[in-house]
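Residue numbers (our numbering), protein chains in the order written: chain R, 631 to 742; chain V, 10 to 122.
Glycine is no exception: its CB is placed at the ideal position from the N, C-alpha and C atoms.
Since the model is a prediction, treat every value here as computed from it, not as a measurement.
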Amino acid sequence: DSGVTQTPKHLITATGQRVTLRCSPRSGDLSVYWYQQSLDQGLQFLIQYYNGEERAKGNILERFSAQQFPDLHSELNLSSLELGDSALYFCASSDGGEETQYFGPGTRLLVL
Amino acid sequence: AQSVTQPDIHITVSEGASLELRCNYSYGATPYLFWYVQSPGQGLQLLLKYFSGDTLVQGIKGFEAEFKRSQSSFNLRKPSVHWSDAAEYFCAVLTGTASKLTFGTGTRLQVTL
Numbered sequence: 631d632s633g634v635t636q637t638p639k640h641l642i643t644a645t646g647q648r649v650t651l652r653c654s655p656r657s658g659d660l661s662v663y664w665y666q667q668s669l670d671q672g673l674q675f676l677i678q679y680y681n682g683e684e685r686a687k688g689n690i691l692e693r694f695s696a697q698q699f700p701d702l703h704s705e706l707n708l709s710s711l712e713l714g715d716s717a718l719y720f721c722a723s724s725d726g727g728e729e730t731q732y733f734g735p736g737t738r739l740l741v742l
Numbered sequence: 010a011q012s013v014t015q016p017d018i019h020i021t022v023s024e025g026a027s028l029e030l031r032c033n034y035s036y037g038a039t040p041y042l043f044w045y046v047q048s049p050g051q052g053l054q055l056l057l058k059y060f061s062g063d064t065l066v067q068g069i070k071g072f073e074a075e076f077k078r079s080q081s082s083f084n085l086r087k088p089s090v091h092w093s094d095a096a097e098y099f100c101a102v103l104t105g106t107a108s109k110l111t112f113g114t115g116t117r118l119q120v121t122l
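Laid out in structure tokens, this is it:
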């Protein structure tokens, strides 16, 4: 158990809908990262937050957004969902110093 | 741009045999390198990491990896594989500025009894 929690574990929704994925980092970690794992793209970095502020952006679609709250949990919002958004979404956290990222169990999203 | 290559998509070994999974990276500066393992339906578990110092690093579950700068490689090894090691293994490099992990495509390990 990495100490990073993600909810929900599974999510099934329809095209055009909006969903929110939630992540709680390890105790004391200030950085949260979001990654997407899909069969065709592999594991791709989406976005990073550090202590509430956006720190880095990767291949994140404009339909996707994220935020990190004062209690350091983070949410990834996916809107206008398409079939191709079906993937496993991972959250990771680090203390912002040593840069080792610890991953949560992921949220499996299926868009029908 | 940084990249990670795992040339073997799928490897099959017998239980008790030795294992080596290959990883090559492309990165201009001194890389921070990681190996993660993903069991079916599970998240990514950190096996080991290399930041600096001794080029042979030990990890959990009996795994080790050797950083070879001259070959831009960071191969993962285990002297004797157990059936429970069957999983997908990912090599990753951390970019210094963005703090994001760039992953290889993964190597799926199958262990035969």
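According to DSSP, which residues form a beta bridge with residue i?
i, result
"residue 44 (chain V)", "V:57, V:100"
"residue 20 (chain V)", "V:118"
"residue 29 (chain V)", "V:86"
"residue 64 (chain V)", "In DSSP, residue 64 (chain V) forms no bridge with anything."
"residue 678 (chain R)", "R:663, R:686"
"residue 75 (chain V)", "V:65, V:84"
"residue 733 (chain R)", "R:722"
"residue 636 (chain R)", "R:653"
Taking the beta strand (DSSP E) that residue i falls in, what are its first and last residues?
i, result
"residue 640 (chain R)", "640–643"
"residue 708 (chain R)", "704–708"
"residue 698 (chain R)", "694–698"
"residue 108 (chain V)", "Taken as a continuous stretch (DSSP letters only), residue 108 (chain V) belongs to no beta strand (DSSP E), as it is neither H nor E."
So what does DSSP say about residue i, is it helix, strand or coil?
i, result
"residue 654 (chain R)", "strand"
"residue 713 (chain R)", "helix"
"residue 113 (chain V)", "coil"
"residue 738 (chain R)", "strand"
"residue 80 (chain V)", "helix"
Taking the C-alpha atoms as reference points, what is the distance between residue i and residue j?
i, j, result
"residue 694 (chain R)", "residue 709 (chain R)", "6 Å"
"residue 714 (chain R)", "residue 92 (chain V)", "34 Å"
"residue 40 (chain V)", "residue 675 (chain R)", "17 Å"
"residue 684 (chain R)", "residue 661 (chain R)", "10 Å"
"residue 654 (chain R)", "residue 55 (chain V)", "18 Å"
Inspect the CB distances between the segment 11–20 of chain V and the segment 724–731 of chain R and report whether three or more fall short of 8 Å. no
Evaluate the contact criterion for the segment 632–643 of chain R versus the segment 734–742 of chain R: three or more CB pairs, one atom per stretch, below 8 Å. yes
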